[in-house]
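First comes the structure, then the notes that go with it.
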Amino acid sequence: MLHLDALSKQFGGLPALSDVTFRVPQGQITALIGPNGAGKSTLINCITGVLTPTRGSISLGLQEISTQPSHAISRLGVARTFQNLKLFERLSVLDNVLAGLNNEAGSSLIMALLRLPYLRHRERQLKLRALEALDRFGLADKADWPAGVMAYGDKKRLELARATVSQPQLILLDEPVAGLNATETLAVEQQLRRLRQEGQTLLLVEHDMELVMGLADQVVVLDSGCVIAWGTPDEVQRNPRVLEAYLGSVEATA
Amino acid sequence: MTRQEHLSYFIRLHRTGLTVTLLCALIVLYPFVQDNPYTLGLSNLVAIHVIVVLGLNLFIGYAGQISLGHAAFFGLGAYGSAIGTVTYELSPWPTLFGVAVLVALLALIIGVPTLRLSGHYLAMATLGFNLVVYTVLQQWDEVTGGVSGFYGIPSLAIGSFAFDDEVRFHYLVWGMALLSLLLCLNLVRSGVGRGLAALAGDETAAAALGVNTQISKVKVFVLSAVLASVAGSLYAHCYNYISPASFDIFVSTDLVIMVVIGGMGSIWGSLFGATLITLLPEWVDVFESYKDFVHGGILVLVLMFLPQGFVTGLVDLVKTRQALRRSRHAAS
């Protein structure tokens, strides 16, 4: 599905990512972990076209996407959530999810001005799908709320709903349970399992080790911009370099 | 739940429909109630401003950009129609549309490089554009009539029916304003409108959802320029006389003030803002001489207490209240 090959990113000569190579297989949950500053966010931003990599390639299926802009990558079927929530706070909850269907809503300004019948029909269909997504994430009763008014946990779920509603090829989840309590975390975990069951491919960036080790099919560990381990959760947990760089310190503090 | 959502969706649709119908009725009946030509002339000016402000509000309130140069497009529309119909003796309607197309092209040429800028830079670039246009209008005597203005612009007509008095013009400009309003309402309720709102909310997030931020900004910029141009043409044909002073940067800032006060990202707010700021100097004499102070004062107050603008701010307040009340109901 997604294939990163010798990907490097430098900021003014400082390497943030060096020769990152791994694959995200179809229909699986791949987790990307690493200590703060390891380059996880840079990597996500490279994949989604927010940043352009200095060297290396990113391919989605057979398509090279490393030089494409964000919106083009989105149209190829890559959706994402953001570490610090980027909801459209003034829009309603329903409109936020509808924005997730932007690529199917039609982009012609003139058609939109005239609101032709076929466009109205399509809007109605999109609305139904958006409501289904809200229902699935337990937000249907808040469909007409302004998104900004909702509680943090609801906002996190709304971002998930927005990212998944279009059933993209690949979803990048940037810390989906950060700041959530145990119950909410469990709910998100169940949602992610369900998405995998439906064949959705996920790339998960997460600090919650328990969640990652229990959920992921494979784990990629990043440290100082380099991949230091890549394998099943068991393999990674036994890897001495990982223990040294990351897990050891987590266990010590936990 | 789904059914209930549908119901609320339909009610929302009807709410817009009802308001539009009410507005239509007002527009049709107004000349029967009010036959004072001066007052009608004022309300016609409101309609012309509404057309400009609708476009500008899409650009500022929806796409989240800033333009301090829309009076230039307004002026180009006015002078384009004046020069076309008087100097070249073209017929008014085709000239109006032809000029709008030319202004659209100009907006495209200006928009592509300048819309890569943001914030203060974009404000400066559009302001500069307005100054250039203003100076040309003022200095190019042979073509524009210079400081003394452009006289003898013919009235618009359909067949032998000329829009040559206030009442007839009332129906023309308010008809056009209503048409613009409907088009804008369509736009904001479409996927494109959501894309624009997303753009105003967060550019990175909008791009991640497939919104081509650059092209979207340019499109809205062009659309707003076209609306300004059409409004300008109507203005020229309405007053039969135009001068550069009507299209300087202070007019541009007044237009922005109308957007901000009415409510950013609110179509109905545009109507309110344009009406309030156009009529304010007429209602109270003091405002006439101290117009800029009063505008500035209102702007400061609105930005302090309702930073989203008047109508938008109030609507947001009500929506938030409703949401909170319902959640309290659900909890108890």
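Chains as they are written, first to last, in the numbering used here: chain R, 34 to 287; chain H, 32 to 363. Glycine included, each C-beta is placed from N, C-alpha and C at the ideal position.
Residues in its own chain within less than 7 Å of residue i by CB, not counting five upstream and five downstream?
i, result
"LEU148(H)", "ALA156"
"PHE90(H)", "GLN96, SER98, VAL251, PHE252 and SER255"
"VAL219(H)", "TYR93 and ILE298"
"GLY67(R)", "LYS73, VAL254, LEU255, ASP256 and TYR279"
"GLY201(R)", "In the sequence as presented, Gly is not what sits at residue 201(R); that position holds Pro. Excluding sequence neighbours, PRO201(R) sits near GLY110, VAL111 and ALA112."
"LEU286(H)", "VAL83, VAL84, LEU87, HIS101 and ALA102"
"THR244(H)", "LEU230, GLU234, ALA237 and ALA238"
"HIS36(R)", "ARG56 and SER92"
"GLU284(R)", "Caution is warranted here: a pLDDT of 49 is assigned to GLU284(R), below 50, making its placement in the model unreliable, and the coordinate value is therefore given only provisionally. Hits under 7 Å: none found."
Check whether the Cβ atoms of residue i and residue j lie closer than 7 Å to each other.
i, j, result
"ALA163(R)", "LEU127(R)", "yes"
"VAL275(R)", "VAL260(R)", "no"
"LEU203(R)", "VAL111(R)", "yes"
"LEU230(H)", "SER247(H)", "yes"
"SER103(R)", "ALA238(H)", "yes"
"ALA236(H)", "ASN161(H)", "no"
"SER199(R)", "LEU134(R)", "yes"
"VAL163(H)", "ALA305(H)", "no"
"LEU50(R)", "LEU40(R)", "yes"
"ALA267(H)", "ILE184(H)", "yes"
"GLN101(R)", "GLY82(R)", "yes"
"ARG94(R)", "ASP38(R)", "The question names Arg, yet the displayed sequence has Gly at residue 94(R). Contact: no."
"GLY232(R)", "PRO48(R)", "no"
"ILE273(H)", "ALA113(H)", "yes"
"ILE98(R)", "LEU205(R)", "no"
"VAL249(H)", "LEU146(H)", "yes"
Using DSSP with H/G/I as helix, E/B as strand and the rest coil, what is residue i?
i, result
"SER112(H)", "helix"
"ILE280(H)", "helix"
"PRO58(R)", "coil"
"GLU234(H)", "helix"
"GLU122(R)", "coil"
"PRO179(R)", "strand"
"GLU97(R)", "strand"
"ILE97(H)", "coil"
"ALA49(R)", "strand"
"ILE91(H)", "helix"
"ASP241(R)", "coil"
"ILE91(R)", "strand"
"ALA112(R)", "strand"
"GLY294(H)", "coil"
"ALA196(R)", "helix"
"TRP124(H)", "helix"
"ALA305(R)", "Shown here, chain R extends from 34 to 287; a query on residue 305(R) therefore has no answer."
"ALA64(R)", "strand"
"PHE170(R)", "coil"
"VAL83(R)", "coil"
"PHE194(H)", "coil"
Residues in the same chain with beta-carbon distance under 8 Å from residue i, minus the five sequence neighbours each way, listed in chain order, please.
i, result
"ALA132(R)", "PHE121, LEU124 and ARG195"
"VAL134(H)", "PHE104, LEU107, GLY108, GLY111, ALA256, VAL257, ALA259 and SER260"
"LEU152(R)", "GLY139, MET144 and ALA145"
"GLY159(H)", "GLY100"
Which residue wins for smallest C-alpha separation from residue i, given the options the options?
i, options, result
"ASP172(H)", "ALA208(H), SER320(H), PHE105(H) and PRO275(H)", "PRO275(H)"
"ALA78(H)", "PHE63(H), LEU54(H) and ASP66(H)", "LEU54(H)"
"LEU225(R)", "ASP168(R), GLN61(R), LEU167(R) and LEU146(R)", "GLN61(R)"
"PRO68(H)", "VAL223(H), GLY328(H) and ASP196(H)", "ASP196(H)"
"GLY224(H)", "ASN136(R), SER107(R) and LEU161(R)", "ASN136(R)"
"ARG357(H)", "VAL130(R), ASP52(R), HIS36(R) and TRP178(R)", "TRP178(R)"
"PHE278(H)", "VAL178(H), LYS350(H) and ASP66(H)", "VAL178(H)"
"GLY247(R)", "TRP263(R), ALA262(R), LEU219(R) and ILE91(R)", "LEU219(R)"
"LEU213(R)", "ASP187(R), GLN223(R) and LEU236(R)", "ASP187(R)"
"THR234(R)", "ASP250(R), GLU208(R) and ARG169(R)", "ASP250(R)"
"PRO209(R)", "GLN230(R), HIS240(R), ARG229(R) and ALA180(R)", "HIS240(R)"
"LEU210(H)", "ILE58(H), HIS37(H) and THR33(H)", "ILE58(H)"
Ordered along the chain, which non-local residues of its own chain (more than five positions away) have a Cβ less than 6 Å from that of residue i?
i, result
"GLY300(H)", "GLY293, GLY294, GLY340, VAL342 and THR343"
"ALA71(R)", "LEU255 and ASP256"
"GLY48(H)", "none"
With hydrogens ignored, establish whether the beta-carbon of residue i is closer than 6 Å to any heavy atom of the ligand FMN.
i, result
"THR100(R)", "Although the ligand FMN was asked about, the structure shown includes no ligands whatsoever."
Between the region 120-134 of chain R and chain H, which residues of the former have a C-beta closer than 9 Å to a C-beta of the latter? If the cut-off is 9 Å between Cβ atoms, the region 120-134 of chain R has LEU120, PHE121, GLU122, ARG123, LEU124, SER125, LEU127, ASP128, ASN129, LEU131, ALA132, GLY133 and LEU134 near chain H.
May I ask you to list, following chain order, the residues of the region 81-94 of chain R that have a beta carbon less than 8 Å from some beta carbon of chain H? Those residues of the region 81-94 of chain R placed with their C-beta closer than 8 Å to a C-beta in chain H are THR81, GLY82 and VAL83, ordered along the chain.
Below 9 Å between beta carbons is the criterion; list the residues of the region 235-269 of chain H that meet it against any residue of chain R, in chain order. THR235, ALA236, ALA237, ALA238, ALA239, LEU240, GLY241, VAL242, ASN243, THR244, GLN245, ILE246, SER247, LYS250, VAL251, VAL253 and LEU254
Mind checking the region 216-231 of chain H against chain R and listing, in chain order, the residues whose C-beta falls within less than 7 Å of any C-beta there? ASN217, LEU218, SER221, GLY222, VAL223, GLY224, ARG225, GLY226, ALA228 and ALA229
Output, in sequence order along the chain, the residues in the region 348-359 of chain H whose CB is closer than 9 Å to any CB in chain R. LYS350, THR351, GLN353, ALA354, LEU355, ARG357 and SER358
According to a CB-to-CB cut-off of less than 8 Å, which residues of the region 37-65 of chain R neighbour chain H? none
What residues in the region 182-216 of chain H have a beta carbon less than 7 Å from any beta carbon of chain R? LEU214
Listed from N- to C-terminal order along the chain, which residues in the region 174-190 of chain R have their beta-carbon within a distance smaller than 7 Å of any beta-carbon of chain H? Cβ contacts with chain H come from ASP174, ALA176, ASP177, TRP178, PRO179 and VAL182.
Mind listing which residues of the region 44-72 of chain H have their C-beta closer than 8 Å to chain R's C-betas, in chain order? none
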